[in-house]
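Take a look at the structure below.
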Amino acid sequence: MREHVPLVGPHLVRYGTAADQKYLLDGFLRTYDELVINATMVAHMPSALASFLVTRAKNKPYFIDPQTHAFQHDVTYLESNSEGRLGEIRRSIQKLIDAYGEPIATAICQRRDDRRPVQPADFADERTIEGFCDRVVRFQQDAISHEATESDAARYYEFLRASGKFAHVQFGPSLVVAPYFYMTAEALSDWLRINVLLAQRCLAGVAKRPVGVQVVVSRSILTNRRARATIVAEYAKLRPAPAAFLLWIDDFPETGASEAQLRGFAGLVRELGAHAPVINLYGGFFSVALSRCGIRPELAGVVHGLEYGESRGVIPVGGGIPVAKYYYPALHTRLPFRHAVRAVRAAGGMGTAADFHEKVCGCRECTRVITSDPSAEFMDYGRTKPVRFIRRGVPTAMEYPLPETKDHSVRHFMWSKGREYRATMSIGGVLEQLSEALVLAAVVGSEAAHCAVWAEVLRRMAGQ
Amino acid sequence: MKSCQPENPEPVAQQCGCEWQLVQAALHRLAACNGVIACCQVPLLGRCVDLVYVRGATVTTVEFKLTDWRRALKQASDHRLGADYAYVCTPRRRISLEMRTEFGAAGVGLLFLSEHARWPFEAAVDAPRSTDMWRPAREGVLDFVLANSGRSW
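Residue numbers (the numbering used here), protein chains in the order written: chain P, 334 to 797; chain U, 5 to 157.
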């Protein structure tokens, strides 16, 4: 292996929008190890990000997801929906196109009628691959560093460095990610070849930092041994080996996965992990347990977003109507609020505050919210504003969580995740805890079904 | 899926072509009953209840369905969190043993719309008092009904 995975710890958080900031700072800073930032966000606000990372996030390590796969899907996903710019390429995407250049610039050109997704054939010649890799890597290495050294804020950062306020001011990412594209079992050969060529170019020396190779595949590949073997065999040829494989399974919520899919996922981790450590870019408690219980020590890190980011589809979809949910620690899933009410009651958490903190959650937010009467105070996680409107000609009413409801829920989620990653964990303990949680199935139904599936898969893999 | 015809609350049941018309028909007749406050489309912990009426100190929810009573039963079962009694209302039909058993197990009652009586419902299966009621949810429902009763769409 060329070098050890450059992570400082296993808990990574995806920084999705500027509004996420308050859940990543202050007390939360100590609950996670590293940030993953989308390239579109870097392109959109590099100076604000530099300031955030150096001063407010106290030099928290980070790396950037270059999101190159975004250019292989229907181009309408790249277009603005806002009134004044309808149909134009979104500004942050345009900045990425400007930074990445060919062959993307030609495919996603300015004339709307001529736009098309980038295709494997666009990477036919070596020079195109070299140029594209160089630019994608340079963007990650320089976008934020540039702000720190060339912008108006540079003097301030120099002052911080000189004053010793931050001993190791680190503007660059902990690793750079090779350009990558999404692969399905049906169209594996074309993109796999290109992905390996792109990764090899980055590993050959263009990057000044450790290189992560992002492997983005459809769920069906997990249960397709032949496709999995083909993928692993090709990535195993990379020389030198990457610092890490960054694994993203398209739309793969662990709570909804079958035993076969989870076993396939663990198999892929083991197979890739034979060549370099693996980071799951969208994972939940199953991944954390897999790693922390020593079943898959190759799984060096697991990334999640704020609340909803434990899985993600490659093709962007609308966010839908926001719903009040509560991350139920024993079930390791976000429950619709009405189910959470029943689960808290069944667990005996509706009596006193001490009952709630002992039997449901004693995180900082729950300690702050639930102080004397859980049966009334728990509502703070479910307060909504009813809105009445006409839908398809029929009057209806929906509930939208209040801003303070969402704030409580996200804080509780972040504290809970911090505890999960840091808890002492053994396979016996996890199996026992999942088994106990299954009792809640009597009141939350299928929302607890994953506990049995996870327990069975973990038990088998641990040989228990 | 609910579709909607022009509002025409009477006559009811068989003549009603869609669930929304059933709701409107029931609401219209409840409004004429003394001591009853009623409201349609009431939010309840992520669900939207077709009709809630308050009589005395009792909160009752009603979910209307022309077909697929099992789906209605699931929804009504969740309504028990915010109500004293939860019902499903369907057009008059034969009640199988299986149907009666499932309603009993869910703690939900079954109503038919009455054709001519002042009170719009006939209880085909009585609902037991909810054992799932959560006070803050019930208070939320009550507040909404009091604030929106008599409001027309």
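All C-beta atoms in this analysis are idealised placements derived from N, C-alpha and C, irrespective of residue type, glycine included.
Model, not experiment: these values are computed from the prediction.
Counting only runs of 3 or more residues that sit fully inside the stretch 641 to 705 of chain P, the beta strand (DSSP E) segments are 658 to 661, 666 to 669, in chain order.
When 8 Å is used as the limit between beta carbons, proline 47/U is near these residues of chain P: Thr717, Pro719, Ala730, Met731, Glu732, in chain order.
As computed with DSSP, threonine 373/P is found in no beta bridge at all. Taken atom to atom, the span from the alpha-carbon of isoleucine 397/P to that of asparagine 528/P is near 18 Å. At a cut-off of 8 Å between beta carbons, serine 708/P contacts chain U. Taking the Cα of serine 553/P as reference, the smallest distance to any Cα among Ser507/P, Glu698/P, Ile582/P, Ala781/P is reached at Ile582/P.
For the options Ser415/P, Thr409/P, Asp467/P, the alpha carbon positioned closest to that of alanine 440/P is the one of Thr409/P. Non-local C-beta neighbours of valine 53/U in its own chain, meaning closer than 6 Å and more than five positions away in sequence, comprise Val46, Thr65, His83, ordered along the chain.
Residue-level contact by beta carbon holds for methionine 712/P and chain U, with a gap shorter than 8 Å. Residue range 618 to 625 is occupied by the alpha helix (DSSP H) that includes alanine 622/P. Under the three-pair Cβ rule at 8 Å, the stretch 29 to 36 of chain U counts as touching the stretch 113 to 128 of chain U. A distance below 8 Å separates the beta carbons of leucine 555/P and leucine 601/P.
At least one CB of chain U lies nearer than 8 Å to the CB of phenylalanine 670/P.
At a C-beta separation below 9 Å, alanine 657/P has these neighbours in chain U: Leu49, Gly50.
Between the stretch 97 to 113 of chain U and the stretch 125 to 144 of chain U, the count of Cβ pairs shorter than 8 Å is three or higher; the stretches touch.
At least one CB of chain P lies nearer than 8 Å to the CB of proline 140/U. When Cβ-Cβ separations below 8 Å define contact, valine 565/P makes no contact with chain U. Leucine 48/U: member of the beta strand (DSSP E) spanning 40 to 48, first to last residue. Contact residues of the stretch 662 to 694 of chain P toward chain U are Pro669, Phe670, Arg671, Val674, Arg675, Arg678 (C-beta to C-beta distance below 8 Å). Taking 8 Å as the CB threshold, valine 743/P stays off the interface with chain U. Against chain P, a Cβ distance below 7 Å from phenylalanine 148/U picks out Pro719.
Within the model, the alpha-carbon separation for arginine 51/U versus leucine 531/P is close to 49 Å.
Using beta-carbon distances, valine 727/P counts as an interface residue toward chain U, with a partner under 8 Å. In terms of beta-carbon proximity, aspartate 82/U lines the interface with chain P, with at least one pair separated by less than 8 Å. In the displayed model, tyrosine 489/P falls within a helix according to three-state DSSP. According to DSSP, cysteine 52/U shares a beta bridge with Pro47/U. Sequence-distant Cβ neighbours of glycine 545/P in its own chain, meaning closer than 8 Å and more than five residues away, are Phe396, Leu508, Val509, Val510, Ala511, Pro575, Ala576, Ala577, Phe578, Leu579, Ile612. A contact between stretches requires three or more CB pairs, one per stretch, nearer than 8 Å, and the stretch 707 to 718 of chain P fails this requirement with the stretch 760 to 768 of chain P. Between the C-alpha atoms of proline 734/P and proline 543/P there is a straight-line separation of about 42 Å. Taking CB atoms only, tryptophan 24/U has a neighbour in chain P less than 8 Å away.
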